[in-house]
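Residue numbers (the numbering used here), protein chains in the order written: chain A, 45 to 296; chain B, 711 to 797. Right, one structure below, let's go through it.
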Amino acid sequence: MNTAALVEYLIRLADDRLILGHRLSEWCGHAPLLEEDIALANIGLDCIGQAFNLYTVAAELENKGRTADDIVYFREAIDYKNLLLVEQPNRDFAHTMVRQVLYDAYGVLLFDALQRSTVEPLAGIAQKAVKEIRYHFRHSSHWIYRLGDGTEESHHRTQTALNTLWRFTGELFTSDDLEQELAREGVAAVSSSFKDQWTQTITDVFTRATLVLPSTEIYQHHGGRQGKHTEHLGHLLAEMQIVARSFPTMQW
Amino acid sequence: MKNHTIESVKEILSTVMDPEIPVLSVMEMGIVRKIEIDGDAVTVTITPTYSGCPAMHMIEENIRTTLERNGFSVAQVKTTFLPAWTT
């Protein structure tokens, strides 16, 4: 097995969880209600914890003396391999919940499949993560019902969010050569195989919330897996990395 | 040098409390997965309760220092994810 390919794959997964977790952490102290402030912080913590676990395995396999912290804090946007969806800004609560449910419905399928990865540490991390993502999905989907089937304003904001974020969902199901090679060896999951089930789940959630799914004809953006990001990631990393980069030799 | 057994180590670990729920020990929490003794060296394998558990470092530290205080010259703590912890 190609170790470099496996490390790259683990970093993709970890970057997805880290960036999504970081976005959720931005709500800390600012959420619309106390219960949600706590919920989003907890969900974000799950994401960041999963990311840390994945980075730790990647760092060990890579064997270049990097720690998880090195990988996170001393890497440029072009070397981040997360999906474009997760780096999109919070904007408002509806936007945040739509972004979350679009990822969670995918995350449940992905990490369920990864429990069967032939790479034991990845299977172990996935076994834990899938339980957590299942209740993330419960939380986010329930908010979609309330927001969509809520007031005129919540309905409008949620529909706008869905219309805005839809263009980043195609990338979730794009399997490139690296992923397919690792999948053939039983290491990775083929993300294109989740599309139908994800589409059914998302259709059910948004229909129940009285919202309209955007057209499948809409142009889908790609590039995250190649380090080609939207304008948002740079700002996120600047905030996230500033302390570590200001005091690079500091020990906690 | 004190002669330790798996049982005596389990007893020692029953005094290491969960930092967030101090009435429960790491044994009662089901965090301890394996104990390996090699003379006066011991390795304890633990598993995190949830992926982002911030108390794991503290638990690791507490297990290590408690074992060292109880006669082990070398106490190591390893982490495993399999099988996953559940309530």
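We put the beta carbon where it would ideally sit given N, CA and C, even for glycine.
query: DSSP three-state assignment for I262 (chain A), whether helix, strand or coil; result: coil
query: Length of the line joining the Cα atoms of V163 (chain A) and V234 (chain A); result: 15 Å
query: Bounding residues of the alpha helix (DSSP H) (the contiguous stretch that carries D81 (chain A)); result: 78-106
query: Straight-line gap, A83 (chain A) to D148 (chain A) (C-alpha atoms, nearest Å); result: 15 Å
query: Contact set between F782 (chain B) and chain A, taken where Cβ atoms lie within less than 8 Å; result: What F782 (chain B) touches in chain A: nothing, since even the nearest Cβ is about 26 Å away.
query: Classification of Q94 (chain A) by the beta-carbon crowding that lies within 10 angstroms, buried from 16 upward; result: buried
query: Cβ-based neighbour list, T247 (chain A), same chain, cut-off 7 Å, excluding 5 preceding and 5 following; result: L257
query: Residues in the region 753-781 of chain B having any Cβ partner in chain A nearer than 8 Å; result: P758, Y760, S761, G762, C763, P764
query: Neighbourhood of E70 (chain A) by C-beta, 7 Å cutoff - its chain only, sequence neighbours within 5 removed; result: N134
query: Top-ranked residue by Cα proximity to R67 (chain A), from A:R110, A:R56, A:V130, A:A48; result: A:V130
query: Beta-carbon proximity of L209 (chain A) to R143 (chain A), cut-off 8 Å; result: yes
query: Exposure of T757 (chain B), with buried meaning 16 or more beta-carbon neighbours within 10 Å; result: buried
query: Chain A within 8 Å of T797 (chain B), Cβ atoms only; result: no
query: Start and end residues, beta strand (DSSP E) containing Q786 (chain B); result: 784-789
query: Nearest-angstrom Cα separation, counted from R190 (chain A) out to L255 (chain A); result: 11 Å
query: For R289 (chain A) and A253 (chain A), the rounded distance between their alpha carbons; result: 44 Å
query: Residue-level contact to chain B via CB, L89 (chain A), 8 Å cutoff; result: yes
query: E746 (chain B) - DSSP class collapsed to helix/strand/coil; result: strand
query: R774 (chain B) versus V787 (chain B) - alpha carbon distance; result: 7 Å
query: Beta-carbon gap between L306 (chain A) and V116 (chain A) smaller than 8 Å; result: Residue 306 (chain A) lies beyond the residue range present for chain A, which begins at 45 and ends at 296; the question has no answer from this structure.
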